[in-house]
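Asks:
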Amino acid sequence: MSDFDIKNIAKLASINLSAEEQEKLTNDLSIILEHVQALSSLELDTNIEDVFIHPLEKELKLVEDIEIDSLTHEEALSNAPESKDGKFVVPPSME
Amino acid sequence: MELKNLSIRQLNNLFVDKKAKPSELYSDIFDASASSESLLHAHLSLFEEKNLENAKNSDKRFEKGESTGLLDGIPIAIKDNINIKGELTTCSSKMLSNYRSPYNATVIEKLNNENALYTGKTNLDEFAMGSSTENSAFGLTKNPWNTDYVPGGSSGGSAASVSARSSIGALGSDTGGSIRQPAAFCGLVGFKPTYGTVSRYGLIAFASSLDQIGPITKNVDDARIIYNAISGHDALDATSIDNNQTNIPFDKSAKIGVIKELMEDGISDESRNEVSKVLENLKKQGYQIKEVSLPLIKLSISIYYLIAPAECSANLARFDGVRYGLRVEGKTSYEMMQNTRAEGFGDEVKRRILLGTYALSAGYYDEYYGKALRARKKMIDEFSNIFNDVDYLISPTTPTAAFKAGEKTSNPLEMYMSDLCTIPANLAGLPAISIPTGLSKEKLPLGVQIMSKPLTDLSLLNFSEIIEKEVDFNTSPEGLEK
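Chains A and B, in that order, are what the protein sequence lines are. All the letters of the first sequence, read from the start, carry residue numbers 336 to 430 under this note's numbering. All the letters of the second sequence, read from the start, carry residue numbers 89 to 570 under this note's numbering.
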């Protein structure tokens, strides 16, 4: 696990980690990743096309493209930490 | 006998015959939770006042002979990752501690159509990630059989609620055993249906290709009644399938397979003995039993802990402090997002998000996630082949009986191992049930798991009922009210 860079993974996952968390999680994840190495001994069909997105169905069922009732604007905003003029409010993207 | 100890069918008969009323049952149930809740912490919210009117409406329907079926007036507890409109759905996470759902999950719409009542929302491991209900941001739940022990997880609150008679049945969700394992630890029936037969719409997603809603109940018939009510195709869930059930034999012509790999190392003698006891009984009745081998089962934890975290890392990306849930301020949107997720998620959730992010990241996708998907496909093929030979597969539900609170929290891998027997059914989308069969030396319940091929849920329930009748397990925990 020499190339396991917890800071980079945390950045990709958008989670700030304390130094203590970084150390603990590096240790935990190394143990888990070592365990899953057991899969490397398997001879597997490498045709990724066969891989499914549903354990039972080859294709998912499509539904008619018809308009149905959905959440109102107000309902959709009802749990927002901050909203204004019917929109979500967020801090600026750049300082 | 107290109403709270009866089955759904027995209660319905009493209501129809006007020998009891749903509102009396409702009071009985809330008396039970009043005495047990401070000991167990099964619920995150209780709906006593809110549903009293509905209970009285059920009374009126029965009085007029206009009841809407078996679930009319039956109090059911709902795991707090399933949305009920207007109620909190916290997923036991700080991230959603104030989230009030603006819509009903499909299973709730279906239970509403039956006029079922709700007792409240039950505790769980945060976002359903865990096997002990110790990962809740709002405190752990205890096992009604012995409060030093965990109730299992992640649907531990649902199991504790039914076990303590604070509800007649409960809904849980099962991604790697989260219905069956707590049911086994609390001496109850836990049923994970065939993947896709119960809509996931309104269930807060953890790992979408594995999550499935199902019942936790005192007996198999109650599980069947709830399953019949909540199953069926739903256009709002793209993975929902038509519930076209196939009948397979459940009488003596049924062929039973015992999974060799789940009777070996890593499984306690006590868990193995429960299976042997059931097999002995089936043999006496004239059932054919053979040992079968599914070599990939030994790798199911490895497959699962790549696929489930990968899906979790994608599903939980939505919690970013913008549209709902917690927000922790930052100078920029990105900083706000990072701070929010650092503060809002607990340790286990962070661990799984990071593991999944790593497994999906550039350069590692094929080595981890891609390989796990192919191994999953191979495991499904193994199950398909076995089901050409046998109708039902029997194994322990859990490697051991319930463990003590705090015993496994410092070692994530050891905690993951407690799902060894239950994970394969999720990976293969199979229906699987846990039935309580006996007690350990410490007087804690043990269960036996039965699996069958996809879309044979009703036959599986019928077969399970035969075992249940022979075993005759008393599901009432002793000494709870002492």
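A virtual CB, placed ideally from N, CA and C, is assigned to each residue, including glycine. All values derive from a computational prediction rather than experimental measurement.
Would you say Asp363 of chain A faces chain B, with C-beta separation under 8 Å as the test?
Replies: yes
Asks: When the Cα of Ser121 of chain B is compared with those of B:Cys179, B:Ser251, B:Leu370 and B:Tyr422, which residue comes out closest?
Replies: B:Ser251
Asks: With a floor of 4 residues, list each alpha helix (DSSP H) that falls wholly inside the region 118-176 of chain B, ordered by position along the chain.
Replies: List check, alpha helix (DSSP H) in window: 136-151.
Asks: Taking C-beta pairs closer than 7 Å, name the residues in chain A that Ile538 of chain B reaches, listed in chain order.
Replies: Residues of chain A passing the Cβ test: none, with the nearest at roughly 19 Å.
Asks: Could you confirm whether any beta carbon from chain B is found closer than 8 Å to the beta carbon of His408 of chain A?
Replies: no
Asks: Any idea which residues DSSP pairs Gly451 of chain B with across the strands?
Replies: None; Gly451 of chain B has no bridge partner.
Asks: Among B:Arg360, B:Ile304, B:Leu113 and B:Ala193, whose alpha-carbon lies nearest the alpha-carbon of Ser528 of chain B?
Replies: B:Arg360
Asks: So Glu402 of chain A is in the beta strand (DSSP E); what residue range does that whole segment cover?
Replies: No beta strand (DSSP E) holds Glu402 of chain A; DSSP gives it neither H nor E.
Asks: Since Pro519 of chain B contacts Pro281 of chain B with CB under 8 Å, what's their CB separation in whole angstroms?
Replies: Contact holds; Cβ gap of about 5 Å.
Asks: Report the rounded CA-to-CA distance for Pro427 of chain A versus Met424 of chain B, giving the unit in angstroms.
Replies: 10 Å
Asks: Just to check my reading of the structure: Lys182 of chain B and Ala225 of chain B have Cβ atoms closer than 8 Å, yes? What is that Cβ distance to the nearest angstrom?
Replies: 5 Å
Asks: If Thr486 of chain B sits next to Gly275 of chain B, beta carbons under 8 Å apart, how far is it from one beta carbon to the other, in whole angstroms?
Replies: Actually they are not in contact, since the Cβ atoms of Thr486 of chain B and Gly275 of chain B sit about 12 Å apart, beyond 8 Å.
Asks: Interface residues of chain A around Val410 of chain B at Cβ under 8 Å?
Replies: Ala415, Pro416, Phe423 and Val425
Asks: Compute the Euclidean distance between the alpha carbons of Phe491 of chain B and Met429 of chain A, then round it to the nearest angstrom.
Replies: 50 Å
Asks: Quick one: give me the first and last residue of the alpha helix (DSSP H) that Gly244 of chain B is part of.
Replies: Gly244 to Ser251
Asks: Under a Cβ-count criterion, where at least 16 other Cβ atoms within 10 Å of its own Cβ denotes burial, should Phe339 of chain A be classed as buried or exposed?
Replies: Exposed.
Asks: Rounded to whole angstroms, what is the Cα-Cα separation between Ile441 of chain B and Gly320 of chain B?
Replies: 31 Å
Asks: Hey, is Ala373 of chain A's beta-carbon within less than 8 Å of any beta-carbon in chain E?
Replies: Chain labels in this structure do not include chain E; the protein chains are A and B.
Asks: Who are the neighbours of Asp380 of chain A on chain B, taking C-beta pairs under 8 Å?
Replies: Arg462, Lys465 and Lys466
Asks: Once you ignore the five residues that flank Gly157 of chain B on each side, which residues in its own chain have a CB closer than 7 Å to its CB?
Replies: Excluding sequence positions up to five before and after Gly157 of chain B, its CB lies within less than 7 Å of the CB of Glu202, all in the same chain and listed in chain order.
Asks: Taking the alpha-carbon of Asp168 of chain B as reference, which of B:Ser297, B:Leu159, B:Ala216 and B:Pro565 has the nearest alpha-carbon?
Replies: Ranking B:Ser297, B:Leu159, B:Ala216 and B:Pro565 by Cα distance to Asp168 of chain B puts B:Ala216 first.
Asks: Give me the subset of the region 501-516 of chain B whose CB atoms are less than 9 Å from a CB atom of chain A, sorted by chain position.
Replies: Leu501, Tyr504, Asn514, Leu515 and Ala516
Asks: Could you give the residue range of the beta strand (DSSP E) that holds Phe279 of chain B?
Replies: Val277 to Lys280
Asks: If we cut at 8 Å on Cβ distances, does Ser219 of chain B have a partner in chain A?
Replies: no
Asks: Would the region 208-222 of chain B and the region 458-478 of chain B be scored as touching if the rule is three or more Cβ pairs under 8 Å?
Replies: no
Asks: Which residue from A:Asp420, A:His370 and A:Glu394 puts its Cα closest to that of Leu501 of chain B?
Replies: A:His370
Asks: When the distance is taken between beta carbons, is Tyr457 of chain B closer than 8 Å to Ala396 of chain B?
Replies: no
Asks: Quick check on Ala271 of chain B: does DSSP put it in helix, strand or coil?
Replies: helix
Asks: Sort B:Met505, B:Phe294 and B:Glu470 by Cα distance to Ile347 of chain B and report the nearest one.
Replies: B:Glu470
Asks: Do Arg429 of chain B and Ser349 of chain A have their beta-carbon atoms positioned less than 8 Å apart in this structure?
Replies: Yes, they are a contact pair.
Asks: Under a CB-based cut-off of 8 Å, is Glu355 of chain A close to chain B?
Replies: no
Asks: Report, in whole angstroms, the separation of the C-beta atoms of Pro76 of chain B and Ala258 of chain B, which I expect to be a contact under 8 Å.
Replies: The structure shown does not extend to residue 76 of chain B, since chain B is modelled only from 89 through 570, so no value can be given for it.
Asks: Along chain A, which residues have their Cβ under 7 Å away from the Cβ of Lys209 of chain B?
Replies: What Lys209 of chain B touches in chain A: nothing, since even the nearest Cβ is about 16 Å away.
Asks: To the nearest whole angstrom, what separates the beta carbons of Ile304 of chain B and Ile267 of chain B, a pair I think is in contact under 8 Å?
Replies: 6 Å
Asks: With three or more C-beta pairs closer than 8 Å as the rule, is the region 402-416 of chain B touching the region 286-298 of chain B?
Replies: Put simply, the region 286-298 of chain B touches the region 402-416 of chain B. At least three CB pairs are less than 8 Å apart.
Asks: How many Å lie between Pro190 of chain B and Met505 of chain B at the Cα?
Replies: The alpha-carbon atoms of Pro190 of chain B and Met505 of chain B are separated by roughly 37 Å.
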